[in-house]
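Only one structure is covered here, and it is reproduced in the block below.
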Amino acid sequence: MRLSRYFLPVLKETPAEAQIVSHRYMLRAGMIKQASAGIYSWLPLGFKVLRKIEQIVHEEQQRAGHIPLLMPTLQSADLWRESGRYDAYGAEMLRITDRHGRDMLYGPTNEELITDIFRSNVSSYRDLPLTLYHIQWKFRDEIRPRFGVMRGREFYMKDGYNFDLTKEDALHAYNRHLVSYLRTYERMGLQAIPMRADGGPIGGDYTHEFLVLAETGESEVFYDSEITDLKFGDRQIDYDSVEQCQAVLEEFTSRYARTDETHDEALFDQVPEERRRVARGIEVGQIFYFGTKYSDAMGATVSDGDGNQVPVHMGSHGIGVSRLLGAIIEASHDDKGIIWPEGVTPFHAGIVNLKQGDAEADAACEALYASLTALGLEPLYDDTTERAGAKFATMDLIGLPWRITVGPRGLKNGVVELTSRRTGESEELPPEAAVAKIAAIYGVAKA
Ligand code: P5A
């Protein structure tokens, strides 16, 4: 993409309404624009990162064997009356009446809708196990939407639902989600710690939230500091293996880690004092096992092979896809702007032309642009006539992990400058070597 043809409305001023750094930078970098309280338009740069995060979520869900589908945002109130949640959900549910006077709602979650799909189509244990998921907009009329995409009213969520014959099978599905979530967050450069939590309006009493530690997080958390040493890394897991998934769950949940909803002082006191931590965290996901809560209420049963009709065991599993943008920025920024982890960066590298209009500099930039593009990478080429200082400030603000700076002086010596956004370190090297280095970082072959 050439900056002169892009739509990147960066702001020089810090917007007064933004209280936390991720919200400030998302507004300043022209990623989002508020449409009304807690509801945002996703401008091109923000939309690009949202799509990258969504893609990682899809890949990891499908790696775990979960099947994508797409359910609507508007739902009929009738299903929610069956489960008993139509009244129970309260003021957070946005209720709508259509022209025929039918009660509708903008879905805050999809347990009822998916249970209805299941009961209409599945009747035998032979079709289990089954996990279906989608990534779709949700609406919760939060009393205090704030911090930009962090607590929106309209937000983008991956929500998945498992259907199993037995509790044991459903707990394997739970563990499989825990493993796939660890992988998912690490690919985004995040450490998200599973912590025992409360079922809230979704239900069940076996649930973990995934928290990214950050001072600006809305949840108070209590944990054993040893837990922060755990890394999932690049281990290969067989998602069908009950033992392997169970082992990961045990490894990542055996130390004390709880949100304030389930915090237990007496248990916490058993953690050696020097390892006890009280901190804040951003909830980027939550997994639930709630047994037959919805299948009992809505009559979702299967034949069990022994001539009985039994209610299916279920769980649901959510990732806050739009909230993740905020969480990643909270975890990765400096006083100049965002620092995108390579896994989610909107563009792989920036190209800054220090002297637009200089034939040699222009040609060198065009050649870099063509080489990176040929590798399947997406560079953002600042081909405007702005001053160098302004170009650098924009690149730092929007946080591309790598910048190639091209100017007549370097070109005389046959070099360009490659700079890491994270470390600020620069090196001078021939253009082809800069391209090779970026290709290696992103794991793409140089033709
Ligand atoms: C699990 C999937 C559920 O709704 N039903 C389907 C279950 N869980 S949850 O914890 O309530 O939400 C899942 C994740 O969505 C994000 N989230 C939000 N993001 C932005 N703004 C909001 N107002 C908001 N509410 C929830 C969180 O990341 C949460 O973990």
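Using the working numbering, the letters of the sequence shown map in sequence onto residues 6 to 452. Note that the Cβ used here is the ideal one computed from N, Cα and C, for glycine as well.
Contact belief for residue i with residue j at Cβ below 8 Å, rounded distance in angstroms
i	j	result
residue 79	residue 109	5 Å
residue 410	residue 421	6 Å
residue 139	residue 73	6 Å
residue 134	residue 168	7 Å
residue 344	residue 192	So it is not a contact: roughly 16 Å between Cβ atoms.
residue 384	residue 378	7 Å
residue 330	residue 6	With a Cβ gap of about 19 Å, residue 330 and residue 6 do not count as contacting.
residue 181	residue 65	Actually they do not touch by this definition, with Cβ atoms about 11 Å apart.
residue 23	residue 153	7 Å
residue 371	residue 416	With 8 Å as the limit, residue 371 and residue 416 do not qualify as a contact, their Cβ atoms being about 13 Å apart.
residue 321	residue 190	In fact, because the Cβ distance is near 18 Å, the residues do not count as touching under 8 Å.
residue 235	residue 255	About 11 Å; that fails the 8 Å criterion.
residue 266	residue 174	Not really, about 27 Å apart at Cβ, beyond 8 Å.
residue 76	residue 126	That pair is no contact at about 14 Å.
residue 264	residue 214	6 Å
residue 217	residue 183	That pair is no contact at about 16 Å.
residue 4	residue 143	There is no way to answer for residue 4, as the model of the chain reaches only from 6 to 452.
residue 412	residue 359	3 Å
residue 171	residue 318	6 Å
Beta bridge counterpart(s) of residue i as assigned by DSSP
i	result
residue 167	136 and 320
residue 162	141 and 325
residue 290	215 and 324
residue 358	411
residue 8	Looking at the DSSP assignment, residue 8 forms no beta bridge with any residue, so it has no partner.
residue 200	214
residue 224	286
residue 306	316
residue 156	151
residue 401	DSSP lists no partner for residue 401.
residue 338	343
residue 229	281
Contact set for residue i: own chain, Cβ-Cβ below 7 Å, skip 5 residues either direction
i	result
residue 447	347, 353 and 382
residue 220	285
residue 124	303, 304 and 305
residue 179	292, 294 and 320
residue 273	227, 261 and 281
residue 39	45
Same chain, Cβ closer than 6 Å to residue i, neighbours up to 5 away in sequence not counted
i	result
residue 51	36 and 37
residue 129	307 and 308
residue 252	none
residue 101	109
residue 334	27, 30 and 343
residue 49	12
residue 16	33
residue 91	82 and 85
residue 71	136, 138 and 165
residue 332	217, 287 and 289
residue 387	8, 357 and 396
residue 20	32
residue 208	295 and 298
residue 433	420 and 422
residue 121	84
Own chain, CB closer than 8 Å to residue i, minus 5 neighbours either side, in chain order
i	result
residue 275	261
residue 338	26, 27, 30, 344 and 404
residue 362	390
residue 147	43, 97, 156, 157 and 158
residue 401	341, 342 and 426
residue 55	47, 161, 326, 327 and 330
residue 250	177, 180, 181, 183, 184, 242 and 244
residue 117	80, 84, 85, 87, 88, 90, 299 and 303
Residue i Cβ short of 6 Å to ligand 2 heavy atom set
i	result
residue 200	Absent from the structure shown: ligand 2. Ligands present: ligand 1.
Beta carbon proximity, residue i to chain D, threshold 7 Å
i	result
residue 224	Included in the structure is just one protein chain, with no chain D present.
Taking only runs that begin and end inside the region 71-154, name each unbroken beta strand (DSSP E) of 3 or more residues, in chain order. Assignment of beta strand (DSSP E) within the region 71-154, counting only whole runs of 3 or more residues, yields 79-81, 99-102, 108-111 and 135-144 in chain order.
For the region 326-342 against the region 150-166, are there 3 or more C-beta pairs whose distance is under 8 Å? Three or more Cβ pairs drawn from the region 326-342 and the region 150-166 lie within less than 8 Å of each other, which places the two stretches in contact.
Touching by the beta-carbon criterion (3+ pairs, under 8 Å), the region 230-249 and the region 297-313: In this structure the region 230-249 does not lie against the region 297-313, because fewer than three pairs of beta carbons, one per stretch, are closer than 8 Å.
Beta strand (DSSP E) segments (min. 3 residues) lying fully within the region 420-449: Within the region 420-449, the complete beta strand (DSSP E) segments at least 3 residues long are 421-425 and 431-434, listed from N- to C-terminus.
Taking one C-beta from the region 80-93 and one from the region 280-297 each time, how about it: are there three or more such pairs within less than 8 Å? The region 80-93, when compared against the region 280-297, does not touch it at the 8 Å Cβ threshold.
What are the start and end residues of each continuous alpha helix (DSSP H) run of 4 or more residues lying completely inside the region 12-71, in chain order? If we require 4 residues or more, the alpha helix (DSSP H) runs fully inside the region 12-71 come out as 26-33 and 49-68.
Does the region 219-231 come into contact with the region 276-288, if we say contact requires no fewer than three beta-carbon pairs (one atom in each stretch) closer than 8 Å? As far as the Cβ criterion goes, the region 219-231 touches the region 276-288, which means the pair count is three or higher.
Where are the beta strand (DSSP E) runs, 3 residues long or more, that stay fully inside the region 235-295, in chain order? Unbroken beta strand (DSSP E) runs of no fewer than 3 residues, entirely contained in the region 235-295, are found at 262-264, following chain order.
Which complete alpha helix (DSSP H) runs does the region 351-398 hold, if anything under 4 residues is left out? Fully enclosed alpha helix (DSSP H) runs of 4 or longer: 364-379.
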